[in-house]
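Here the structure comes first, spelled out in C-alpha cells, and everything after it is commentary.
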Amino acid sequence: AGHYDLPDANKTILTWLQLPAQITVTYPLSYFDAASNPMGAWSQYHHEHIAADAWVYMRTKAAGAENSIKQLLQLRPDIQAITPDNLDTDKADNAVISRQIIAKHLTQTQLMQWSSSDAKESMSYSAVSTSLALIVSCHNADSINAANQLAYARLQQQLPPVIGIFLAPVEYTQTHPDTPPLGWEAWSKLAELADMPVIGLGGLSPVMSEQAILHGGVAVAGIRQFLK
4 AGHYDLPDAN KTILTWLQLP AQITVTYPLS YFDAASNPMG AWSQYHHEHI AADAWVYMRT
64 KAAGAENSIK QLLQLRPDIQ AITPDNLDTD KADNAVISRQ IIAKHLTQTQ LMQWSSSDAK
124 ESMSYSAVST SLALIVSCHN ADSINAANQL AYARLQQQLP PVIGIFLAPV EYTQTHPDTP
184 PLGWEAWSKL AELADMPVIG LGGLSPVMSE QAILHGGVAV AGIRQFLK
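The opening residue of the sequence shown carries number 4 in this note's numbering; numbering runs sequentially from there.
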C-alpha cells in the first residue's frame, strides 16, 4: 500500500487473514470448583495445557474473572486472547497484557440484544466494545444476519471489525449434550450467509480444520481436543 492508507474494507480483510486455523477455548471457571482455589487452578491448568502461540477464547463464564485471565496472560505471554465483551479489561492494566487481548467476544444473546436495540444506530450499547475487534457466536440464520448488520455498522463508523463467527455446534458436545448438532451440511449452508470468516465449534478437533475449509469455513475451535 506504500504510503497510502488502506480503505477500511481492505484493512478488515487483512485482519481476517490473521485468523489461525485453530482456536483454543478454555474450560469455564466452574470446571475447577472442587479446587481449593478455583481461579488459581483455572489459570495454572491452562498455563500448562495451552499450545504455544495459540489464540485462546477465555470462556470463563463467570463474573470477576479479570484477575484469572490477567494471571494466565502473565504466565503465557506467547498467547493471543479473545475475552468476553463484558469483562473489564481495564483491570488488565499491564500494557503488555493489553496487547495480548486481540478481540472481544459477543454471545448470541448479546448480539441479538444489540440487534433489537436502538443502539444499533449509535453503537452505544454498553455490551459492544468499540476499542477492539469482535468475534461473535451464532447458532442460526437470524443471528448470522445480525452479525452481518453489526459488521456493516462497525465498518461505516470506522470501528474495529467483526473478524469472525463461532458457528456452533457442528457435532455433539459434552458441554451442551442436549443441543442438537448442526452437522457439516447444515453448518455449511449457514456459513454461506455470513459476510465474515466462520469458525466451526462444537465436538471438533484441530485436525478438522481442513474439513471446515471444505465446508466454507476458515478454522475450528474447541476445548478438550485443543488442550495438550
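Here a beta-carbon is modelled for each residue, glycine too, at the ideal position from N, C-alpha and C.
If you're wondering where the values come from, they're calculated on a predicted model, not measured in any experiment.
Collapsed DSSP secondary structure at residue i in the structure displayed
i, result
"V173", "coil"
"L207", "coil"
"Y2", "Within the shown structure, residues of the chain are numbered from 4 to 231, placing residue 2 beyond reach of any answer."
"N151", "helix"
"H6", "Low confidence applies here, because H6 scores a pLDDT of 47, under 50, leaving its location unreliable; read the following figure in that light. Coil."
"G43", "helix"
"H218", "coil"
"L230", "coil"
"S119", "coil"
"Q83", "strand"
"A189", "helix"
"A12", "helix"
"F35", "helix"
"Q25", "strand"
"L17", "helix"
"S71", "helix"
Short Cβ contact (8 Å threshold) for residue i with residue j
i, j, result
"S146", "Q113", "no"
"A106", "L135", "yes"
"P172", "L204", "yes"
"V139", "L90", "no"
"A224", "F169", "yes"
"R62", "P41", "no"
"L158", "A12", "yes"
"S33", "K64", "yes"
"Q214", "W187", "yes"
Inter-residue CB distance, residue i and residue j (contact presumed, cutoff 8 Å)
i, j, result
"I104", "T86", "6 Å"
"A154", "A24", "Not quite, the Cβ-Cβ distance comes to about 22 Å (not below 8 Å), so this is no contact."
"A150", "V165", "6 Å"
"W19", "M199", "7 Å"
"I26", "I53", "In fact, because the Cβ distance is near 11 Å, the residues do not count as touching under 8 Å."
"Q152", "S120", "Wrong, their Cβ atoms sit about 12 Å apart, outside the cutoff."
"G206", "T182", "Wrong, their Cβ atoms sit about 10 Å apart, outside the cutoff."
"I100", "L137", "Contact flag wrong, Cβ pair sits at about 19 Å."
Exposure label - residue i; buried when at least 16 CB within 10 Å
i, result
"D88", "buried"
"H6", "Interpretation of H6 is limited by its pLDDT of 47, a score under 50 that renders its predicted location unreliable; no figure is taken from the coordinates."
"L17", "exposed"
"S39", "exposed"
"G219", "buried"
"R227", "exposed"
"P180", "exposed"
"A4", "With a pLDDT of only 40 at A4, under 50, the local geometry of the prediction cannot be trusted, and the value read off the model is given with reservation. By the neighbour-count rule (16 or more Cβ atoms within 10 Å), A4 is not buried but exposed."
"V210", "exposed"
"P80", "exposed"
"A66", "exposed"
"A197", "buried"
"G167", "buried"
Check your understanding: Is the region 39–56 in contact with the region 187–203, if contact means three or more CB pairs nearer than 8 Å?
Key -> Taking 8 Å as the limit for Cβ pairs, the verdict is that the region 187–203 does not touch the region 39–56.
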